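Number of protein chains: 2
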Amino acid sequence: MAIIVQKYGGSSVADTDKIMNVARRVVRTVQEGHQVVVVVSAQGKTTDSLIRQASTISSNPPKRELDMLLATGEQMSIALLAMAIDSLGQPVISLTGAQGGIMTDTQHTKARIREVDGERICSELSKGQVVIVAGFQGISNSNDITTLGRGGSDTTAVAVAAALKAEVCEIYTDVEGVYSADPRIVPDAVKLDVVDYDEMLELASLGAMVLQPRAVEVAAVYGVPIHVRSSFSKERGTMIKEVNLVEREVSVTGVAYDENCAKITLVGIPTDIGALHKVFSSLAAEGVNVDMIVQAGTSTPRADLTFTVTREELSTALSVIGSIQGDDSWRTVCDEDVAKVSIVGAGMMTNPGVAARMFAALSEEDIPVYVVSTSEIKVSCLVPRSRYQDAVKACHGKFELDLGN
Amino acid sequence: MAIIVQKYGGSSVADTDKIMNVARRVVRTVQEGHQVVVVVSAQGKTTDSLIRQASTISSNPPKRELDMLLATGEQMSIALLAMAIDSLGQPVISLTGAQGGIMTDTQHTKARIREVDGERICSELSKGQVVIVAGFQGISNSNDITTLGRGGSDTTAVAVAAALKAEVCEIYTDVEGVYSADPRIVPDAVKLDVVDYDEMLELASLGAMVLQPRAVEVAAVYGVPIHVRSSFSKERGTMIKEVNLVEREVSVTGVAYDENCAKITLVGIPTDIGALHKVFSSLAAEGVNVDMIVQAGTSTPRADLTFTVTREELSTALSVIGSIQGDDSWRTVCDEDVAKVSIVGAGMMTNPGVAARMFAALSEEDIPVYVVSTSEIKVSCLVPRSRYQDAVKACHGKFELDLGN
Numbered sequence: 194m195a196i197i198v199q200k201y202g203g204s205s206v207a208d209t210d211k212i213m214n215v216a217r218r219v220v221r222t223v224q225e226g227h228q229v230v231v232v233v234s235a236q237g238k239t240t241d242s243l244i245r246q247a248s249t250i251s252s253n254p255p256k257r258e259l260d261m262l263l264a265t266g267e268q269m270s271i272a273l274l275a276m277a278i279d280s281l282g283q284p285v286i287s288l289t290g291a292q293g294g295i296m297t298d299t300q301h302t303k304a305r306i307r308e309v310d311g312e313r314i315c316s317e318l319s320k321g322q323v324v325i326v327a328g329f330q331g332i333s334n335s336n337d338i339t340t341l342g343r344g345g346s347d348t349t350a351v352a353v354a355a356a357l358k359a360e361v362c363e364i365y366t367d368v369e370g371v372y373s374a375d376p377r378i379v380p381d382a383v384k385l386d387v388v389d390y391d392e393m394l395e396l397a398s399l400g401a402m403v404l405q406p407r408a409v410e411v412a413a414v415y416g417v418p419i420h421v422r423s424s425f426s427k428e429r430g431t432m433i434k435e436v437n438l439v440e441r442e443v444s445v446t447g448v449a450y451d452e453n454c455a456k457i458t459l460v461g462i463p464t465d466i467g468a469l470h471k472v473f474s475s476l477a478a479e480g481v482n483v484d485m486i487v488q489a490g491t492s493t494p495r496a497d498l499t500f501t502v503t504r505e506e507l508s509t510a511l512s513v514i515g516s517i518q519g520d521d522s523w524r525t526v527c528d529e530d531v532a533k534v535s536i537v538g539a540g541m542m543t544n545p546g547v548a549a550r551m552f553a554a555l556s557e558e559d560i561p562v563y564v565v566s567t568s569e570i571k572v573s574c575l576v577p578r579s580r581y582q583d584a585v586k587a588c589h590g591k592f593e594l595d596l597g598n
Numbered sequence: 194m195a196i197i198v199q200k201y202g203g204s205s206v207a208d209t210d211k212i213m214n215v216a217r218r219v220v221r222t223v224q225e226g227h228q229v230v231v232v233v234s235a236q237g238k239t240t241d242s243l244i245r246q247a248s249t250i251s252s253n254p255p256k257r258e259l260d261m262l263l264a265t266g267e268q269m270s271i272a273l274l275a276m277a278i279d280s281l282g283q284p285v286i287s288l289t290g291a292q293g294g295i296m297t298d299t300q301h302t303k304a305r306i307r308e309v310d311g312e313r314i315c316s317e318l319s320k321g322q323v324v325i326v327a328g329f330q331g332i333s334n335s336n337d338i339t340t341l342g343r344g345g346s347d348t349t350a351v352a353v354a355a356a357l358k359a360e361v362c363e364i365y366t367d368v369e370g371v372y373s374a375d376p377r378i379v380p381d382a383v384k385l386d387v388v389d390y391d392e393m394l395e396l397a398s399l400g401a402m403v404l405q406p407r408a409v410e411v412a413a414v415y416g417v418p419i420h421v422r423s424s425f426s427k428e429r430g431t432m433i434k435e436v437n438l439v440e441r442e443v444s445v446t447g448v449a450y451d452e453n454c455a456k457i458t459l460v461g462i463p464t465d466i467g468a469l470h471k472v473f474s475s476l477a478a479e480g481v482n483v484d485m486i487v488q489a490g491t492s493t494p495r496a497d498l499t500f501t502v503t504r505e506e507l508s509t510a511l512s513v514i515g516s517i518q519g520d521d522s523w524r525t526v527c528d529e530d531v532a533k534v535s536i537v538g539a540g541m542m543t544n545p546g547v548a549a550r551m552f553a554a555l556s557e558e559d560i561p562v563y564v565v566s567t568s569e570i571k572v573s574c575l576v577p578r579s580r581y582q583d584a585v586k587a588c589h590g591k592f593e594l595d596l597g598n
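Line by line, the protein sequences give chains A and B. First residue of the first sequence: 194, per my numbering; consecutive thereafter. First residue of the second sequence: 194, per my numbering; consecutive thereafter.
The following block contains the structure:
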C-alpha cells in the first residue's frame, strides 16, 4: 500500500468549513487505498497574530520563546483537523513535530531538519490510522521546540515523504499549480504540467512563492516527486520531478520576478582578491544574503562592484560596508527601486541565444537593464521596479509561454 | 537558596499589562534571593474558546485530540511570560508539561500526575534562570500530551513544589485568600490566616473553589505549605499547612456550600447488602460520583435510600438506576432544587455539640434540612436551593466566624 503525504497550508484550514473540506479529501484518499500522512500549517493568519501578540510584550523576544509560542499555531490546527477526520469515522492521530520525529538543529526561528525519525508515524500508520503531523516545527537534540521559518511546512512534508519513501508528496495550495508567470501580471500565463527540480528551485527562489526552496532541495536530494495542486479542485496540478532533458522541447519554462531587491555599487573598489573577499565575508558574518554579483570596469587596479541584497538587509549591508571601508577611496551607491526578472528553463543550457532573446524583449519595451547574471538554467536582469511587470509580460510573450510546455 | 514555586491563574495573565505585572513580581522574588519556578495557566478565557472551537467541528471530539488542542493555551502563556521576564533582564526559560517532566497517566482530559521528573527544571535553575512550567498539562508514558482537568494548574504547582522540595508553593489568585465563607454571600466573612490541609480539602470540595482538591491532597501527602494570595497586592494571604490541633481554639473554620447537587431517593429499596452494592457499583461503573449517602426507614426488610449526585450526572444516574431496577417494587424520587451547606473545622472532632448548633442556626431561620451527613471535620446539610444563602449566613453568624481564627 503506497504512502501519500499531503500538505495543506494555512489558508486551506482557515475555518471550520475548510477544515471539513480537507478532512473529506483525506478520507477520500484513504478510500482510494492509500496510507495517508497529512502535514498541516497553522490556520490562516494565526502565526502573524501570535507574532503581533509577542511584540506587545517585547520588541526583541528570545527566539527560543518565540518558537515556543509559534509552535502552538500548528498544534491547534492538527488537533482540529484530527477531530474533523475522526468525525467522518476515519481513525486518526495528530502528532506535534517532536512526536512526529522531526529532528532539527538548534537555530531557533529558522531551524533546519537534520533527520526525520519515522518510527512513531509508521507505527500509527500500521494501526490503520491517518497520521497528521504539525508542519513548520521540530525538536532540537536539547529537547527544545524549534520552528523552520516561513513556509517550513513544505519542508516538513517533503522530509516526511522522503523518510517514509512515500509515493508522492502532494502540496495543496490556493492556486492550481506552478504557472509560466504570475497570472496576476500575465493573464495568459499557463499552468505547467511538469517542472524539473532545478527549475523549480530557481522559480521558487526568484519569487514564484508556491513552494519553499528548501523543500525543493530536499525533494531533489531524495528524489521525492512533488505534486503542487489546488485544495479547492480535483484537477491535476504541477508535478515537480526529475525531467529527462533529452526529450525537452522548450528552452524556457517560466518567468519569475523578485521585487525584494536593493542594489549596492562600490564604485572604484580595488580589484585585488583581498578586497572582494573582505566585502563578502564581512557581509556573510552579519548574516546578509547577497544575490547577483557583477564586477565591471576597465580601469584596473580599480573597478565597480555591484551586488544585490534584500531590502530588509540593505541598512545592515550599508553599515557593514561603512565599517570595512576605512580610509579607502571608493564610494558606495545604492538603489532600492529595482526588481529582478528572470527566465528559467532546464533546456536553456543547450540552447544558445536565449539570453539575447530576453534582452531583445526588454529593449523592445524600452526597459533598462542594470545588472545581468546567468546560470545554467536562468538569466536574470535587474530592472527599474516601476517596469518589472512590463518586463515579465515582455519575456512571457517573447518565449511564447502561453502555448504551454 | 530556597526554591519558591509560584502559580498564576488565567486571570493573572489575561493581557499584556497583567503579564508584565506577574513578570515584575517574579523578578522581585528572585531579587529577594530565591530560586523561582513559575507555573502558569492559559490566559483568561483561552481554554473555553478552544473548547468552543472544537465544538464547531465535532460534538464529541476524541479526548486525546482535545488535550492536544487545550495544551496550546498554556504553551502560549508560558512563552509570553518568558518574553516578559526576559524583557526585564532576568534569564528565564519556559517548559511545556512534557519538558518539565510532568508525567501523567493516560486518562485524557482528566489525567493524574504520576511523577514529576525534576531533572530539567533543576538543571535550568542551576544556570540562574527562572523556570516557567506550563500548568494543567503533562505527558503520558506513550508520549501523548494529557491535561489534568479544570484547575489542574494548582496540582502541577504543588507537585512541582513537592518534587523540588520547595520552601512554599504560592498560589496567586484574584482573591486575598481563603475566607470563612463566600464574601459575596456573607459580607463580614473574614480572611483565614491558617487552614489545615484537611479543612481546606473539605472547603475546596464543598465549593470554596480557591484551590483544586487534588492539589491539596498532594500538598498534604508531601507536606508542601501552600500560600494562597492575591496577584494584585503584597498582603499575606492564607497559609494551608499542617496545623497543631492542640493549640486550636476554634472549632469551626468556615462555611462552604455547593449548589451543584441533585438528590435521589430510592423509596422502599430492600435493606440487604446486595441491593446497596448493586446500586453504587453500577453508578461507579458509569463514572457517576455519589456524595452524601443516608439510609433511613424502620420497615425492614425495606428502607429509603437517599444520596446526592452532581446535577450534570443526574440523568445518567437515573438511567443507571432504571436499568438495574428490574421487577423490583421500589420507586425513585429525585429533587434538583437542593444545595449543600457545610461547616468545616478540624477542631470539630474534639468539640461536641457543633452539629446541634448548626441545626439550631438553620431552624431559627426556618430552613428545612433534607439530609445530614457528618465527618470528623465537617457537618453537611442538604437544604432547599432557594434557602442556601440564608443557611450560609445563619451558620457564619452562629459560629461567630466574623471574629477570625
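The C-beta atom is built at its ideal place from N, Cα and C for all residues, glycine as well. Note that the structure is a prediction, hence the values are computed from the model and not measured.
Residue environment, residue i, which counts as buried when at least 16 other CB atoms sit within 10 Å
i             : result
residue 596/A : exposed
residue 470/B : exposed
residue 537/B : buried
residue 481/B : buried
residue 508/A : exposed
residue 236/A : buried
residue 429/A : exposed
residue 348/B : buried
residue 367/A : exposed
residue 210/B : exposed
residue 203/A : buried
residue 284/A : exposed
residue 426/B : exposed
Residue i beta carbon near the ligand GDP (any heavy atom closer than 7 Å)
i             : result
residue 336/A : In the structure shown, the ligand GDP is absent, as is every other ligand, since no ligand is present at all.
Enclosing alpha helix (DSSP H) for residue i [first to last residue]
i             : result
residue 406/B : 406–415
residue 560/B : Neither: residue 560/B is in no alpha helix (DSSP H) and is coded neither H nor E.
residue 589/B : 581–591
residue 214/A : 209–224
residue 345/A : 345–357
residue 170/B : One cannot answer for residue 170/B here, as it falls past the ends of chain B, which runs 194 to 598.
Anticipated Cβ contact below 8 Å, residue i with residue j, distance rounded
i             : j             : result
residue 198/A : residue 354/A : 4 Å
residue 575/B : residue 456/B : 6 Å
residue 243/B : residue 263/B : 6 Å
residue 424/B : residue 201/B : 6 Å
residue 446/B : residue 369/B : With 8 Å as the limit, residue 446/B and residue 369/B do not qualify as a contact, their Cβ atoms being about 16 Å apart.
Boundaries (first-last residue) of the beta strand (DSSP E) holding residue i
i             : result
residue 567/A : 564–568
residue 327/A : 323–327
residue 519/B : Neither: residue 519/B is in no beta strand (DSSP E) and is coded neither H nor E.
residue 268/A : It is not in any beta strand (DSSP E) - residue 268/A instead sits in the alpha helix (DSSP H) that spans 256–280.
residue 385/B : Looking at the DSSP string, residue 385/B is not in any beta strand (DSSP E), and its letter there is neither H nor E.
residue 333/A : Unbroken run through residue 333/A: none, as it is neither H nor E.
residue 378/A : Neither: residue 378/A is in no beta strand (DSSP E) and is coded neither H nor E.
residue 307/B : 306–309
Rounded separation between residue i and residue j - CA only
i             : j             : result
residue 412/A : residue 330/A : 18 Å
residue 216/A : residue 323/A : 10 Å
residue 361/B : residue 513/A : 52 Å
residue 142/A : residue 467/A : Here chain A comprises residues numbered 194 to 598, so residue 142/A is not present and cannot be evaluated.
residue 588/B : residue 276/A : 49 Å
residue 340/B : residue 300/B : 8 Å
residue 544/A : residue 383/A : 22 Å
residue 535/A : residue 553/A : 14 Å
residue 563/A : residue 451/A : 15 Å
residue 436/A : residue 394/A : 14 Å
Of the residues that make up the region 239–262 of chain A, which ones have a beta carbon closer than 9 Å to any beta carbon in chain B? 243, 246, 247, 249, 250, 251, 252, 253, 254, 255, 257, 258, 259, 260, 261, 262
Taking Cβ-Cβ distances below 9 Å as the criterion, which residues of the region 264–287 of chain A are in contact with chain B? 264, 265, 266, 268, 269, 271, 272, 273, 274, 275, 276, 277, 279, 280, 285, 286, 287
Just by C-beta distance, which residues in the region 287–301 of chain B are closer than 7 Å to chain A? 287, 292
Members of the region 194–213 of chain A that neighbour chain B once the beta carbon cut-off is set at 8 Å: 209, 212, 213
May I ask you to list, following chain order, the residues of the region 331–344 of chain A that have a beta carbon less than 9 Å from some beta carbon of chain B? 336, 337, 338
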